[in-house]
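Below you'll find the structure, written out as structure tokens, and then a few comments.
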Amino acid sequence: MKKILVLSFLFITTMLSAQKPVELPLWPDGAPNTNGLTGNQEDLEGGRVANVVSPSITVYRPEKPNGMAIIMCPGGGYARLAMNHEGHGMAAWFTTQGITYIVLKYRMPNGYYEVPLSDAEQAIRMVRSHAAEWSINPHRIGIMGASAGGHLAASLATLYSSDATRPDFQVLFYPVISMLNGVTHGGSRKNLIGDNPSAELEQKYSLERQVSPRSPQAFIMLSADDGAVPPINGIGYFLALREQKVPATLHVYPTGGHGWGFRDSFTYKQQWTGELEKWLRDGLTFTDKQ
347 MKKILVLSFL FITTMLSAQK PVELPLWPDG APNTNGLTGN QEDLEGGRVA
397 NVVSPSITVY RPEKPNGMAI IMCPGGGYAR LAMNHEGHGM AAWFTTQGIT
447 YIVLKYRMPN GYYEVPLSDA EQAIRMVRSH AAEWSINPHR IGIMGASAGG
497 HLAASLATLY SSDATRPDFQ VLFYPVISML NGVTHGGSRK NLIGDNPSAE
547 LEQKYSLERQ VSPRSPQAFI MLSADDGAVP PINGIGYFLA LREQKVPATL
597 HVYPTGGHGW GFRDSFTYKQ QWTGELEKWL RDGLTFTDKQ
């Protein structure tokens with residue numbers, strides 16, 4: 347009887363601990379590249395962080411996993427990360443749907459434009475490597491991002507280096523997409539590719555020009571009155587996806603500006619959460635299934 351009680355206790359403890367978020371280092375053996383930043387992470391007002399020197403993923407596992415996982419890239423103009431309303435604050439909403447939710451704390455470019463994308467690729471490698479352990483279908487892993495984090499998510503969706511790092515779908519909140527002057531978000535452009543990038547670099551990270559028929563299916567949302575990131579970023583990306591016959595849906599809300607994330611103050615929160623929930627449940631098509 348004592349043995350049964352001990353085993354029962356261990357089982358319950360394991361089940362409970364499985365539901366607690368776990369933060370894992372992205373590069374436990376050290377990153378293969380550097381952005382030159384050192385020192386300590388800066389914790390800023392409103393849950394924002396800067397000077398990320400130890401990138402990580404925080405994994406929220408649902409009680410009843412449905413096999414789907416989403417990796418979230420918070421925004422912040424490639425200078426900082428809005429970790430709360432564009433990151434951890436969404437966890438419960440996703441896990442109650444059975445989705446394993448992962449928040450990526452990625453490094454800033456700081457003059458090294460390849461660094462954020464390398465972190466995003468490593469994140470999806472890690473999630474796929476733990477797929478069986480976390481009850482995830484490795485063919486149902488999506489990338490999500492807001493603002494500059496949306497640019498990073500779309501970068502992974504268009505510039506992935508191999509099938510191992512290609513996401514199966516993408517979800518973009520008011521994303522920066524283009525690096526072209528007059529279209530882009532100036533701060534994100536400057537922080538990612540510098541003041542005077544080469545034409546080749548500008549084109550590479552103008553993601554509307556990098557869409558291919560193998561880019562993953564997409565859900566895009568933004569506000570028509572966004573004064574920070576011109577709506578043509580998300581709209582142009584949607585049109586590029588459609589031109590390549592990639593399934594995509596676009597939701598443009600009349601007001602709300604920029605940066606609403608999971609905030610209750612956004613007038614259309616009920617609309618976007620309902621529409622995204624339905625899309626995740628019924629709107630996706632997967633060709634490879636377990």
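Last residue of the sequence shown? That's 636 in the working numbering, and every number before it is there in order. Cβ coordinates follow ideal geometry from the N, Cα and C atoms, glycine included.
Can you list, in chain order, the residues of its chain with a C-beta nearer than 6 Å to that of Arg512? Leave out the 5 residues immediately preceding and following it. The residues are Tyr506.
- Select from Leu587, Ala594, Tyr447 and Asp571 the residue whose C-alpha is nearest the C-alpha of Pro600. Selected option, being the one with the closest Cα: Asp571.
**Request:** Determine which residues share a DSSP beta bridge with His597 and list them.
**Result:** Bridge partners of His597: Met567.
Notebook entry, point to check: Name the DSSP bridge partner or partners of Phe612?
Noted result: DSSP output for Phe612 lists no bridge partner at all.
Is the separation between the beta-carbon of Gly433 and that of Met454 shorter than 8 Å? In this structure, Gly433 lies away from Met454, with their beta-carbon atoms at least 8 Å apart.
ask   = Do the stretch 617-634 and the stretch 557-567 make contact, defined as three or more Cβ pairs closer than 8 Å?
value = Segments in contact, yes.
Notebook entry, point to check: At what residues does the beta strand (DSSP E) containing Pro326 begin and finish?
Noted result: Residue 326 cannot be examined here, being either before or after the span of the chain that is shown, 347 to 636.
Inter-residue CB distance, Leu526 and Glu548 (contact presumed, cutoff 8 Å) = With a Cβ gap of about 7 Å, Leu526 and Glu548 count as contacting.
Hey, is the stretch 433-449 in contact with the stretch 408-418, meaning 3+ C-beta pairs nearer than 8 Å?
Because the criterion of three Cβ pairs below 8 Å is met, the stretch 433-449 and the stretch 408-418 touch.
Euclidean distance between Cα positions of Gln556 and Pro367 = Put simply, the backbone Cα of Gln556 is about 35 Å away from that of Pro367.
_Nearest residue (CA-CA) to Gly533, options Val398, Gly423 and Gly629_ = The shortest Cα separation from Gly533 among Val398, Gly423 and Gly629 belongs to Gly423.
Self-check item: DSSP-derived helix/strand/coil call for Met490
Solution: Assigned with DSSP and collapsed to three states, Met490 falls in strand.
Give the secondary structure of Phe519 by DSSP, where H, G and I count as helix, E and B as strand, and everything else as coil.
In the displayed model, Phe519 falls within a strand according to three-state DSSP.
Measure the Cβ-Cβ separation of Ile487 and Ile470 and say whether it is below 8 Å. Going by beta carbons, Ile487 and Ile470 fall inside the 8 Å limit.
Tell me where the beta strand (DSSP E) around Leu553 begins and ends. From DSSP, Leu553 is part of no beta strand (DSSP E); its letter is neither H nor E.
| Hey, quick one: how far does the alpha helix (DSSP H) through Thr441 stretch, first residue to last? | Taken as a continuous stretch (DSSP letters only), the alpha helix (DSSP H) holding Thr441 covers Ala437 to Thr441.
Output yes or no for whether 8 Å exceeds the beta carbon distance between Leu553 and His604.
It is not a contact, given that the beta carbons lie outside the stated cut-off.
Going by DSSP in three states, Lys410 sits in which element: helix, strand or coil? Coil at Lys410, not helix or strand.
Going by beta-carbon coordinates alone, are Thr427 and Ala466 separated by less than 8 Å? The sequence shown places Leu at residue 427, rather than the Thr named in the question. In this structure, Leu427 keeps its C-beta atom at 8 Å or more from the C-beta atom of Ala466.
Residue range of the alpha helix (DSSP H) that includes Arg471: Per DSSP, the unbroken alpha helix (DSSP H) holding Arg471 starts and ends at Glu460 to Ser475.
**Report entry** Inter-residue CB distance, Pro559 and Val592 (contact presumed, cutoff 8 Å)
**Finding:** Their Cβ separation, rounded to whole angstroms, is 7 Å, which keeps Pro559 and Val592 in contact under 8 Å.
- request: Would you mind reading off the limits of the beta strand (DSSP E) that contains Ile416?
  value: Its beta strand (DSSP E) spans residues Ala415 to Cys419.
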